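**Student:**
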Amino acid sequence: MNTPMDIASLPAWRKAYSGDGRLLLEDALPSRDPFKLFDFWFREMAARKDELTFEEINAVSVSTVSAEGRPSSRMVLLKSYDDAGFTFYTNYDSRKGTQLAGNPNAAMLFYWPKFHRQVRVEGVVEKVSFEQAEAYWNSRPVASRIGGKASAQSTVIPDRAHLERRKAELEQLVAEEGASAASKPKTWGGLLLRPRYFEFWQGQSDRLHDRICFSTDRPDAGSADFIHSADRPDWHMFRLAP
1 MNTPMDIASL PAWRKAYSGD GRLLLEDALP SRDPFKLFDF WFREMAARKD ELTFEEINAV
61 SVSTVSAEGR PSSRMVLLKS YDDAGFTFYT NYDSRKGTQL AGNPNAAMLF YWPKFHRQVR
121 VEGVVEKVSF EQAEAYWNSR PVASRIGGKA SAQSTVIPDR AHLERRKAEL EQLVAEEGAS
181 AASKPKTWGG LLLRPRYFEF WQGQSDRLHD RICFSTDRPD AGSADFIHSA DRPDWHMFRL
241 AP
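Counting along the sequence shown from 1, when you hit position 183 you're at 183 in full-length UniProt numbering, and nothing is skipped either side.
1) Is it a yes or a no for the stretch 115-131 touching the stretch 74-94, going by three-plus beta-carbon pairs under 8 Å?
2) Just to confirm the assignment: which complete beta strand (DSSP E) runs, minimum length 3, are found wholly within the stretch 49-123?
3) Hey, how far is the Cα of serine 151 from the Cα of valine 142?
4) Alpha carbon to alpha carbon, how far is valine 174 from lysine 49? Give it in angstroms, no decimals.
5) Any idea what DSSP makes of aspartate 231, helix, strand or coil?
6) With distances taken between CB atoms, is the gap from aspartate 210 to leucine 23 smaller than 8 Å?
7) Per DSSP, what are the beta-bridge partners of valine 125 in this structure?
8) From histidine 162 to alanine 181, what distance separates their C-alpha atoms?
9) Can you tell me which of the three DSSP states aspartate 210 falls into?
10) Smallest Cα separation from alanine 59: which of Ala241, Leu109, Arg32 and Ser144?
11) If cysteine 213 and leucine 240 are in contact, beta carbons under 8 Å, what's the gap, nearest whole angstrom?
12) Rank Lys96, Gln153 and Pro242 by C-alpha distance to the C-alpha of serine 61 and give the top, closest one.
13) Could you give the DSSP three-state label for arginine 239: helix, strand or coil?
14) To which residues does DSSP link tryptophan 188 through a beta bridge?
15) Check whether the Cβ atoms of alanine 106 and glycine 123 sit closer than 8 Å, and answer yes or no.
16) Comparing C-alpha positions only, which one of Pro219, Asp220, Ala47 and Pro195 sits nearest to aspartate 33?
17) Apply the 10 Å Cβ neighbour rule to arginine 218 and answer buried if 16 or more other Cβ atoms are within range, or exposed otherwise.
18) Distance, Cα to Cα, alanine 133 vs histidine 116?
19) Going straight from the alpha carbon of aspartate 39 to that of tryptophan 137, what length do you get?
20) Under three-state DSSP, which class holds glutamine 153?
21) Which word fits glutamine 99, buried or exposed, when buried means at least 16 other C-beta atoms lie within 10 angstroms of its C-beta?
Structural data, given as structure tokens:
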């Protein structure tokens, strides 16, 4: 690249940036329980999905750290969430799987640009039960199961044709033996991130963005700058400067 890209020269698509006309104020929160607040935001996005023409609202960036301390991030699809945490599925032998096996600390970032919202979640990851993983695997379309079984995720392969050959072999096996032939690989399963930190970010056009946070750890601030969440007293709620 010989000529630097001048980002400022790009079309001013952010001129309509308004944060949806909302302020994120502590007294107006639908809940001071971060799990319930996430659910409120997520369901609101789902209810307005027709306006999100290019977004998958359950797409989330997952960041992990290698044994050498090198971070890496990738997009995955969140498959479920509840009061325990956030669940997604992967090959345990993949890069994220092996990094999490060595260091279970991870971070998630949800971003819904149409409504200028982000949610950051940090916590510790653990494997879901074999039964839960198998039930989810069997609920997937057969083509997805074949794709998951055909790919030794994150390993070096010679070319695209290698995948296509493996896919064709599995498709033939399924045609002969039925969908059960596309069984769950032993190394494939679910991962649950148990949160210890949430940050709810609402963008504002003047860049004085709202950042409301919840943490199981006491924040590095004076006592006047945080409160205990009335809905979840083992968590602290506080605001960060943008």
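Glycine included, C-beta positions come from ideal geometry on N, C-alpha and C. In this text the structure is predicted, and so the values were computed from the model without any measurement.
**Tutor:** Concretely, from the data shown:
1) yes
2) 59-65, 71-77, 80-82, 85-91 and 105-112
3) For the purposes of this step, residue 151 is taken as the residue at position 151 of the sequence shown. For the purposes of this step, residue 142 is taken as the residue at position 142 of the sequence shown. The alpha-carbon atoms of serine 151 and valine 142 are separated by roughly 14 Å.
4) Counting from 1 along the sequence shown, the entry for residue 49 is found at position 49. Counting from 1 along the sequence shown, the entry for residue 174 is found at position 174. Taking the straight line joining both Cα atoms gives about 35 Å.
5) On the sequence shown, residue 231 is found 231 positions in, with the first residue counted as 1. The answer is coil: DSSP assigns aspartate 231 none of H, G, I, E or B.
6) Here residue 210 is taken as the residue at index 210 of the sequence shown, counted from 1. Here residue 23 is taken as the residue at index 23 of the sequence shown, counted from 1. Yes, Cβ-Cβ distance for aspartate 210 and leucine 23 is below 8 Å.
7) Stepping through the sequence shown from its first residue, residue 125 is reached at position 125. DSSP, once it has assigned bridges, lists Leu193 as partnering valine 125.
8) Counting from 1 along the sequence shown, the entry for residue 162 is found at position 162. Counting from 1 along the sequence shown, the entry for residue 181 is found at position 181. Histidine 162 and alanine 181: Cα-Cα distance of roughly 20 Å.
9) Here residue 210 refers to the residue found at position 210 of the sequence shown. Residue state, collapsed to three classes: strand.
10) Indexing the sequence shown from 1 puts residue 59 at position 59. If we check each option's Cα against that of alanine 59, Leu109 comes out closest.
11) Locating residue 213 in the sequence shown gives position 213, where the first residue counts as 1. Locating residue 240 in the sequence shown gives position 240, where the first residue counts as 1. Going by Cβ atoms, the distance from cysteine 213 to leucine 240 rounds to 6 Å, so yes, they are a contact pair.
12) Position 61 of the sequence shown, counting from 1, holds the residue named residue 61. Checking every option, the nearest Cα to that of serine 61 belongs to Lys96.
13) Counting from one through the sequence shown, the residue named residue 239 turns up at place 239. Reduced to three states, the DSSP call for arginine 239 is strand.
14) On the sequence shown, position 188 is the one that residue 188 refers to. According to DSSP, which records beta bridges pairwise, tryptophan 188 is partnered with Asn91.
15) Looking up residue 106 in the sequence shown gives position 106. Looking up residue 123 in the sequence shown gives position 123. Cβ distance < 8 Å, so alanine 106 and glycine 123 count as in contact.
16) Counted from its first residue, the sequence shown places residue 33 at position 33. Nearest of Pro219, Asp220, Ala47 and Pro195 to aspartate 33, Cα basis: Pro195.
17) Taking the sequence shown and counting its residues from 1, one reaches residue 218 at position 218. Looking at its Cβ environment, which holds fewer than 16 other Cβ atoms inside 10 Å, arginine 218 is exposed.
18) One-based indexing of the sequence shown puts residue 133 at position 133. One-based indexing of the sequence shown puts residue 116 at position 116. C-alpha separation (whole angstroms): 33 Å.
19) Along the sequence shown, read from residue 1 onward, the residue named residue 39 stands at position 39. Along the sequence shown, read from residue 1 onward, the residue named residue 137 stands at position 137. Roughly 24 Å between the two C-alpha positions.
20) Stepping through the sequence shown from its first residue, residue 153 is reached at position 153. It is coil, neither helix nor strand.
21) Within the sequence shown, numbered from 1, the residue matching residue 99 stands at position 99. It is buried - the Cβ of glutamine 99 has at least 16 other Cβ atoms within 10 Å.
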